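Residue numbers (numbering that gives the first Met the number 0): 0 to 125.
The structure appears below as structure tokens.
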Amino acid sequence: MARVTVEDCIEKIPNRFDLVLVAARRTRLISHGSEPLVPVEKDKPAVIALREIADGLVDKTILEEPRKPAESMSLTEGIPAPGSVPRKSMDEDEDDEFGDDLAAVVPPPSSIVPHPKTLDSALDED
Numbered sequence: 000m001a002r003v004t005v006e007d008c009i010e011k012i013p014n015r016f017d018l019v020l021v022a023a024r025r026t027r028l029i030s031h032g033s034e035p036l037v038p039v040e041k042d043k044p045a046v047i048a049l050r051e052i053a054d055g056l057v058d059k060t061i062l063e064e065p066r067k068p069a070e071s072m073s074l075t076e077g078i079p080a081p082g083s084v085p086r087k088s089m090d091e092d093e094d095d096e097f098g099d100d101l102a103a104v105v106p107p108p109s110s111i112v113p114h115p116k117t118l119d120s121a122l123d124e125d
């Protein structure tokens, strides 16, 4: 299938801003499972959406449709409300056990970061 160009889409939706909004909405719908209206040949959802616009299958009326639940999903969906998950108290034994594990994996800071030089000692070396 030939490449879709912006010029092909501008013929159908003359306003570039509207074109971007229509393409973005249709791309989201396709990526969330909406059935493509054109043959798919290993194309990404954005390319499929632009092909649909260029073929006149999708227009600005898509912007008037209410959003589907999957498209307008909340960022906090699936995150428990504060206080709804019981907090686990840590015993001193658990704290010590964690500290031992951490010491085995992370070297002490003194072995990672050398002591900073003073400006005078750095100048004396030159």
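The C-beta atom is built at its ideal place from N, Cα and C for all residues, glycine as well.
Source: prediction; values computed, not measured.
Spatially closest choice to residue i from the options, by CA coordinates
i, options, result
"P35", "D17, L18, D54 and K59", "D54"
"I12", "P65, R27, D58 and K43", "D58"
"E64", "L20, P38 and R15", "L20"
Supposed close pair residue i, residue j - CB separation, criterion 8 Å
i, j, result
"L18", "I9", "7 Å"
"I61", "R25", "6 Å"
Same chain only: Cβ atoms within 7 Å of residue i, ignoring 5 sequence neighbours per side
i, result
"V3", "V46, L49, R50 and A53"
Residue span of the alpha helix (DSSP H) that contains residue i, given as start and end
i, result
"I47", "P44 to A53"
"V37", "Neither: V37 is in no alpha helix (DSSP H) and is coded neither H nor E."
"K11", "V5 to K11"
"V21", "R15 to S30"
Exposure label - residue i; buried when at least 16 CB within 10 Å
i, result
"V104", "exposed"
"A102", "exposed"
Neighbourhood of residue i by C-beta, 8 Å cutoff - its chain only, sequence neighbours within 5 removed
i, result
"L56", "L36 and V37"
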